[in-house]
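Heads up, the thing below is written out as structure tokens.
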Amino acid sequence: MMHNLALRNLRARSLRTAILIALTALLSLTICGGTLLVSGLQRGLGSLEARLGADIMVVPYEARTKSNLETIVLQGNPGYFYMDRSRYEKIAGTEGIAQISAQFYLASASSGCCSIPVQIIGFDPETDFTVTPWMKRSYEGTLQNGDIVVGNDLNAFPGDTLQFYGVECHVAAKLEKTGTYYDSAVFTNEETIVSLIQSSLDKGMNDFADTDPAKAVSAVLINVADGYSPEEVMNDINIHVKKVKAVQTKEMIAGIAGSLQGTSDVIGLLIAAVWVLGLVILLLTFSMQMNERRREFAVMRVVGMSRRSLAWLVMQEALLSGACGAVIGTAAALIGMLSFRSAIGAQIGLPFLLPGTAGTAGLALGAVMAVMLSGAAAAACTAYRISQIDTARILRGDNG
Amino acid sequence: MTLTAKQLSKEFPRKSRTSNCFTALCPLDFTLEPGKLTVLTGRSGSGKSTLLNVLAGLMQPTQGQVLADGQDLYAMPDVALSEFRNRHIGVVPQGQTAVYSLSLLENILLPVTLFRRPSDAEQQRAQLLLTELGIVKLADVPPAELSGGEMKRMAIARALLPQPEIVLADEPTADLDEENTDIVFRALQTAAKNGAAVLAVTHEQGAERYADRVCTMHNGILEG
Chain A
10 MMHNLALRNL RARSLRTAIL IALTALLSLT ICGGTLLVSG LQRGLGSLEA RLGADIMVVP
70 YEARTKSNLE TIVLQGNPGY FYMDRSRYEK IAGTEGIAQI SAQFYLASAS SGCCSIPVQI
130 IGFDPETDFT VTPWMKRSYE GTLQNGDIVV GNDLNAFPGD TLQFYGVECH VAAKLEKTGT
190 YYDSAVFTNE ETIVSLIQSS LDKGMNDFAD TDPAKAVSAV LINVADGYSP EEVMNDINIH
250 VKKVKAVQTK EMIAGIAGSL QGTSDVIGLL IAAVWVLGLV ILLLTFSMQM NERRREFAVM
310 RVVGMSRRSL AWLVMQEALL SGACGAVIGT AAALIGMLSF RSAIGAQIGL PFLLPGTAGT
370 AGLALGAVMA VMLSGAAAAA CTAYRISQID TARILRGDNG
Chain B
-5 MTLTAKQLSK EFPRKSRTSN CFTALCPLDF TLEPGKLTVL TGRSGSGKST LLNVLAGLMQ
55 PTQGQVLADG QDLYAMPDVA LSEFRNRHIG VVPQGQTAVY SLSLLENILL PVTLFRRPSD
115 AEQQRAQLLL TELGIVKLAD VPPAELSGGE MKRMAIARAL LPQPEIVLAD EPTADLDEEN
175 TDIVFRALQT AAKNGAAVLA VTHEQGAERY ADRVCTMHNG ILEG
């Protein structure tokens, strides 16, 4: 059998082949890119929800604006604001609180001060219920004074030493990727953060306004006790504790998750529309090809090619061009999404976490298969029609 | 191999209100004997090409049988009939016929390469046919660059390459000058001399001089 006849036919009609490849590449680009986008958004939000782990977040009143809160809650970008620890005590006195823990956010935006510019988040290991469970997946030990845990995007590894405001810190662990700003943050305990604050003040960096840095906290995280609603506790705090703003974090995430579902549906519809359009164009292209090559197919029949072999030749051509386009389009989608994932997350304003290697490979393979199947389905109709051609009538120049 | 048509007829359906079918072949008996070149003449539309296509196993007759050494072609499933045609029947179709992604030589070798790698003997035979038909210098040229006459000679070489026992040629000299017409008829004569049963459908004046037998079609009726 002439194994490369399909390939020769594709090469001989380079323009038609290029159009077929471009079309299937566009299809796979849309399917793979769209699916990765939706998956990245869903995983990002899921990851943030899992990381956050608190019903209510309380921040100083100056951080109350919607955009500020969304940046903190939805993107995991802490920001730099402080309130006196006495407010933490007052909040802790509110009825219906099961767990409460304070966090401190320290700016390290300039690499001049430190080994790397990062956000430093201080937490109390005694009371913390948000960072510790997540950290335990990467680090079983207890953080000692001077120990830090680094986010996944930072170029530091366990055993390394980083310097912040002149203080040497030992990297105890590296966290899993979250798709949020936490990936570029550094976590440490209260003792270490106090020494870092003091060192930053000594160097004339960071402004704590009228707050005593030794007694300052940035945010308070709360889990509500059974039998109480988060809304009730939130309202209680907003009414009774001055100069703070309490928000329901999971409610904000649920709201975003709802709109994200809508976005996912729209993207799904767009993928389906492009797919249907692509399928129609493929059908038309194959159909045109059939008319254009009727005599050629008739010659194949004359020299002894069976109807089934003729149909298989057409399928081979479609599968070859389809595979080529599918691989190109999927590769383009993968390169695009992997290269610009941070920019995509920043542009959308939501955490963006692509699936792991196996998940991404699975999606890519699925896109390739879906496009190849579409091409095969479109070609199958044409292949069937070609297999049914009336050789004698075609050879006599009768189009009927 | 003897090709026999028994009570063969072919009718085509029509959309016309006055007649709902057109009779291309009236019931006929016909035998194509090995070692003989039969020339079939007749006016356009008389049913010559229809008869050739039915004999080639390319067009199902309305009635009757086509027997190759007693084997009914139309009783075979498509795969078997295709394989039979590849092995035993060389067809020169009407008009220009080529696979455009292949060179002239590859087109000639197509009946072989579709199923296997050509042997040295088949390669040599292809070269011989190219020389005999005056197209040896065009071996590597793609069909798109060939003239109508060159394409026709390529089709004849393609049909004769596997040394088929039956050769059916439909207007094999349609685009050829006198010299090339002579070359083609001599090639068909040689095939017949080598034992093939050869049928040439033609309008060519003087084709009778190459023939062992001459038949004429007239409105679907075979004479001679």
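Top to bottom, those sequences are chains A and B. Take the first sequence: its position 50, counted from the start at 1, is 59 in the numbering used here, and no numbers get skipped. Take the second sequence: its position 70, counted from the start at 1, is 64 in the numbering used here, and no numbers get skipped. Note that the Cβ used here is the ideal one computed from N, Cα and C, for glycine as well.
Under DSSP, the beta-bridge partners assigned to Thr197 of chain A are A:Gly131 and A:Ile157.
Among the CB atoms of chain A, one or more fall inside 7 Å of the CB of Thr91 of chain B. Exclusion of the five residues before and after Leu46 of chain B leaves Leu162, Asp164 and Val195 as the residues of its chain whose Cβ lies within less than 6 Å of its Cβ. Per DSSP, the continuous alpha helix (DSSP H) segment holding Ser396 of chain A begins and ends at Thr366 to Ser396. When the alpha-carbon of Thr32 of chain B is set against those of B:Asn101, B:Lys187 and B:Leu123, the nearest one is in B:Lys187. Within the region 293 to 315 of chain A, Arg302, Arg304, Glu305, Ala307, Val308, Met309, Arg310, Val311, Val312, Gly313, Met314 and Ser315 place their CB atoms closer than 9 Å to a CB of chain B, listed in sequence order.
Residue pairing for Glu217 of chain B: DSSP places it in a beta bridge opposite B:Thr210. Distance from the Cα of Thr39 of chain A is smallest, within the candidate group A:Arg402, A:Gly375 and A:Ala385, for A:Gly375. Residue range Leu14 to Ala21 is occupied by the alpha helix (DSSP H) that includes Ala15 of chain A.
Our two residues, Asp245 of chain A and Leu210 of chain A, have alpha carbons roughly 35 Å apart in a direct line. For the C-beta of Thr400 of chain A, the chain B residues within less than 7 Å are, from N- to C-terminus, Leu52. Per DSSP, the continuous alpha helix (DSSP H) segment holding Pro142 of chain A begins and ends at Val140 to Met144. For Phe24 of chain B, the enclosing beta strand (DSSP E) starts and ends at Cys15 to Leu26. Leaving aside the five residues that flank Pro21 of chain B on each side, the residues in its chain whose CB is nearer than 8 Å to its CB run, in chain order, Gln1, Leu2, Ser3, Gln57 and Gly58. Taking 7 Å as the threshold, the shortest C-beta distance from Leu29 of chain A to chain B does not fall below it.
For the pair Asp23 of chain B and Ala(-1) of chain B, the Cα-to-Cα distance works out to about 5 Å. Against Glu144 of chain B, chain A offers no close residue; the least beta-carbon distance is about 16 Å (beta-carbon pairs closer than 7 Å).
Judged by their CB atoms, Leu19 of chain B and Gly41 of chain B are nearer to each other than the 7 Å cut-off.
Residue environment for Met381 of chain A: buried (at least 16 other C-beta atoms within 10 angstroms of its C-beta). Here His179 of chain A is bridged, per DSSP, to A:Asp156 and A:Thr170. If the five residues before and after Met243 of chain A are omitted, its C-beta is found closer than 6 Å to the C-beta atoms of Ile65, Ala255 and Gln257, all from its own chain and listed in chain order. With the rule of 3 Cβ pairs closer than 8 Å, the region 19 to 27 of chain A does not count as touching the region 199 to 210 of chain A. At least 7 Å separates the CB of Tyr204 of chain B from every CB of chain A. Looking at the DSSP output, Asn232 of chain A bridges to A:Gln108.
Residue environment: Lys252 of chain A is assigned as exposed (fewer than 16 neighbouring CB atoms within 10 Å of its CB, all protein chains considered).
By the rule that beta-carbons nearer than 7 Å mark a contact, Leu347 of chain A does not touch chain B. The region 37 to 54 of chain A makes no contact with the region 97 to 115 of chain A: fewer than 3 CB pairs, one atom from each, lie closer than 8 Å.
Any Cβ of chain A closer than 7 Å to the Cβ of Asp72 of chain B would place that residue at the interface, and such an atom is present. In the DSSP assignment, Leu31 of chain B forms a beta bridge with B:Val192. The beta carbon of Asn13 of chain A does not come within 7 Å of any beta carbon belonging to chain B, so the residue lies off that interface. In chain order, Asn47, Leu52, Pro87, Gln88, Gly89, Thr91 and Asp164 make up the part of chain B whose C-beta sits under 8 Å from the C-beta of Leu404 of chain A. For Met66 of chain A, no alpha helix (DSSP H) run applies; the uninterrupted beta strand (DSSP E) run containing it begins and ends at Ile65 to Pro69, by DSSP.
In chain order, Asn14, Cys15 and Phe16 place their CB closer than 8 Å to the CB of Arg8 of chain B, counting only its own chain and leaving out the 5 sequence neighbours on each side. At a cut-off of 7 Å between beta-carbon atoms, Ala21 of chain A makes contact with chain B. Against Asn18 of chain A, the close residues of chain B are Ser95, in the order they occur along the chain (beta-carbon pairs closer than 7 Å). Ser40 of chain B carries a coil assignment under DSSP once its states are collapsed to helix, strand and coil.
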